[in-house]
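Number of protein chains: 2
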Amino acid sequence: MALSTAQRVAAALRARIESGDLPPGHRLSEEALGREHEVSRNTLREAFRLLIHDSLVVHLLNRGVFVRVLEPADVTDIYRMRAALETAGVRAAAHAPRTLHDAVSATVTEAERAAAAGEWQQVGSADLHFHRALAALAQSPRIDSAMDRLLAELRLAFHEMPSPRRFHEPFLARNRALAKMLESGEHARAEAELTTYLDDARELILGAMKEAHA
Amino acid sequence: MALSTAQRVAAALRARIESGDLPPGHRLSEEALGREHEVSRNTLREAFRLLIHDSLVVHLLNRGVFVRVLEPADVTDIYRMRAALETAGVRAAAHAPRTLHDAVSATVTEAERAAAAGEWQQVGSADLHFHRALAALAQSPRIDSAMDRLLAELRLAFHEMPSPRRFHEPFLARNRALAKMLESGEHARAEAELTTYLDDARELILGAMKEAHA
DNA sequence: TGTTGAGGATTGTTCAACAATATCCTAGCC
DNA sequence: GGCTAGGATATTGTTGAACAATCCTCAACA
């Protein structure tokens with residue numbers, strides 16, 4: 001067993017949350033989930049703690065854990081921190097090894113292939129990979145894991161998106177452009193573009209959220 | 001019951017770690033500590049989880065929990081992420097409300113007062129507060145809590161510092177200068193100074209660590 | 001209509017027993 | 001002498017249970 005039981009259960013729950021099987025706001029009953037996944041309450045609670053650390057769920061005393069509901073303020077906040085981490089990556093691009101640059105280009109290609117196939121869900125995943133690769137240019141394990149957590153949170157907001165295509169399509173070309181700027185060493189321009197890019201993306205998500213709740 | 005047994009034990013362990021009674025790298029035996037603190041292993045494990053969240057200890061599957069030991073690579077990494085977050089704060093300084101700017105100045109004054117009193121331990125705390133205040137200019141709760149965790153980790157490295165005064169004294173004036181640049185709107189200059197500032201601080205810590213291990 | 005309180009359901013805490021795993025020690029081999 | 005295999009031992013992982021504390025529901029009541 002390479003993974004502990006709690007880690008295994010946490011991974012399963014994470015998948016169920018990200019797939020929408022366990023929707024935002026849903027309460028995770030200890031008794032029900034313990035029965036479904038065939039683990040004791042103690043182990044399940046340990047799994048919950050792992051998810052809490054990823055802030056995929058929130059814990060309310062004596063009330064249990066709930067799948068996180070993303071408020072507009074959360075989206076704004078997440079994009080602020082993303083901007084900080086991805087900017088750090090872009091600024092360190094000059095000192096990053098070739099493998100990390102190649103990884104950035106690879107994610108753009110991945111997104112373009114998925115778009116050509118009409119797999120807009122996959123385009124979304126590739127887009128997240130692209131931004132993770134940008135932050136990875138900073139060569140910092142702590143930045144990497146912080147990015148992973150942020151993007152996992154953000155995935156919760158995507159559930160409210162009506163049309164993945166309408167959201168992701170405009171960014172395909174911008175991702176490619178950004179990757180090209182990094183390749184050619186136009187770091188200052190890349191940094192400026194990244195800022196407006198993230199501002200635009202944030203506004204699109206906030207707009208969609210407002211629509212969904214109206 | 002205001003505090004659970006686990007919280008009480010966690011506080012006791014935290015004190016023992018910070019006092020050096022439980023040195024970095026030391027394994028926290030469930031059986032031994034359970035006997036000493038007169039709690040069951042399960043309760044002790046709950047206490048461990050609280051310490052893990054503060055990253056005061058690390059958990060290795062089937063091997064137990066160990067008092068965290070900071071490697072030079074960790075210090076380098078922490079400073080990379082600090083640079084990303086504090087730079088984000090400085091760049092957002094123009095849009096930050098007055099109260100946040102006042103908070104920055106207040107921490108500088110706090111440090112100067114402690115230095116005048118010869119309380120170099122307090123100067124160290126004030127310095128951490130200063131950097132937290134810088135990051136806070138970004139107005140992002142997630143950045144704030146990430147900074148808190150980074151600074152808590154860094155505190156472990158301070159244990160290896162032979163002379164708090166020699167480390168902190170040179171930065172008193174630089175903190176004041178940085179605060180002044182922000183007040184007067186010299187954002188670009190503040191950003192540049194912050195970068196070299198953090199590089200210098202990192203090298204000082206790395207040097208002290210190398211000395212301690214030699 | 002709003003409030004109060006009993007009760008039932010759920011989580012919080014702790015425990016001790018059993019299973020799974022790592023570590024250490026010894027014997028045998030090169 | 002140094003090294004590897006494998007079994008004894010020590011330690012952590014997991015479980016189910018018991019009990020306490022808290023929240024929620026819903027009916028009775030002012």
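Listed in order, the protein sequences are those of chains A and B.
Take 1 as the starting number for the first sequence in the UniProt record's numbering and just add one per residue.
Take 1 as the starting number for the second sequence in the UniProt record's numbering and just add one per residue.
C-beta atoms are modelled at their ideal positions from N, C-alpha and C, and glycine is treated no differently.
Chain A contact residues for residue i, given Cβ-Cβ distances below 8 Å
i	result
A47 (chain B)	Those within 8 Å of A47 (chain B) in chain A number zero; the least Cβ separation is about 13 Å.
R142 (chain B)	D77, I78, R80, M81, L150
A106 (chain B)	Going along chain A, no residue has its Cβ under 8 Å from A106 (chain B), so there is no contact; the nearest lies around 23 Å.
Residue i: contacting residues in chain B (beta-carbon distance under 8 Å)
i	result
M161 (chain A)	By Cβ distance, chain B contributes nothing, its closest Cβ being about 21 Å from M161 (chain A), past 8 Å.
A146 (chain A)	M81, A146
A201 (chain A)	Within chain B, no residue comes near A201 (chain A); the closest Cβ sits about 16 Å away, beyond 8 Å.
Beta-ladder partner(s) of residue i, from DSSP
i	result
R27 (chain B)	B:F66
Interface partners of residue i on chain B, CB under 9 Å
i	result
S4 (chain A)	L61, N62
A88 (chain A)	R80, M81, A83, A84, L85, T87, A88
Within chain A, partners of residue i - CB distance below 7 Å
i	result
L85 (chain B)	A84
A93 (chain B)	The premise fails here: A93 (chain B) is roughly 14 Å from chain A at the closest Cβ pair, so nothing lies under 7 Å.
A136 (chain B)	Within 7 Å Cβ-Cβ: nothing; A136 (chain B) doesn't reach chain A, min ~12 Å.
Beta-carbon proximity check, residue i vs residue j, cutoff 7 Å
i	j	result
A135 (chain A)	E86 (chain A)	yes
A6 (chain A)	E71 (chain A)	no
L56 (chain A)	R68 (chain A)	yes
R80 (chain A)	L150 (chain A)	no
M181 (chain B)	A190 (chain B)	yes
V104 (chain B)	I205 (chain B)	no
E153 (chain A)	M209 (chain A)	no
A96 (chain A)	H187 (chain A)	no
V9 (chain B)	V39 (chain B)	yes
L44 (chain B)	E30 (chain B)	yes
L128 (chain A)	P24 (chain A)	no
F130 (chain A)	N175 (chain A)	yes
A84 (chain A)	A84 (chain B)	yes
P164 (chain A)	W120 (chain A)	yes
Partners in chain A for residue i, counting only beta-carbon separations shorter than 9 Å
i	result
A10 (chain B)	Within chain A, no residue comes near A10 (chain B); the closest Cβ sits about 14 Å away, beyond 9 Å.
A111 (chain B)	Within chain A, no residue comes near A111 (chain B); the closest Cβ sits about 25 Å away, beyond 9 Å.
A103 (chain B)	What A103 (chain B) touches in chain A: nothing, since even the nearest Cβ is about 18 Å away.
Contact list for residue i against chain B, beta-carbon separation under 7 Å
i	result
residue 234 (chain A)	Residue 234 (chain A) is absent from the model: chain A starts at 1 and stops at 214.
A190 (chain A)	Simply none; closest approach about 16 Å.
A133 (chain A)	In chain order: nothing, as chain B lies at least about 16 Å away.
Distance cut-off 6 Å: residue i Cβ against heavy atoms of the ligand COA
i	result
A12 (chain B)	With respect to the ligand COA, the structure shown offers nothing to examine, as it has no ligands at all.
Exercise. Pick out the complete alpha helix (DSSP H) segments inside the region 54-130 of chain B, 4 residues or longer, and give them in chain order.
Key: The region 54-130 of chain B contains these whole alpha helix (DSSP H) runs: 72-91, 98-116.
Quiz item: Quick one: any contact between the region 156-172 of chain A and the region 105-125 of chain A, if contact means 3 or more CB pairs under 8 Å?
Solution: Taking 8 Å as the limit for Cβ pairs, the verdict is that the region 105-125 of chain A does touch the region 156-172 of chain A.
Quiz item: Are the region 106-113 of chain B and the region 101-111 of chain A touching by the rule of at least three beta carbon pairs closer than 8 Å?
Solution: By the criterion of at least three beta-carbon pairs nearer than 8 Å, the region 106-113 of chain B is not in contact with the region 101-111 of chain A.
Quiz item: Three or more beta-carbon pairs under 8 Å between the region 51-66 of chain A and the region 5-25 of chain A, yes or no?
Solution: At 8 Å Cβ cutoff, the stretches touch.
Quiz item: Are there three or more Cβ pairs, one per stretch, closer than 8 Å when the region 87-106 of chain A is compared with the region 129-143 of chain A?
Solution: Enough Cβ pairs lie closer than 8 Å, so yes.
Practice problem: Would you list, in sequence order, the uninterrupted alpha helix (DSSP H) runs of no fewer than 4 residues that lie entirely inside the region 140-190 of chain B? | Solution: List check, alpha helix (DSSP H) in window: 141-158, 164-183.
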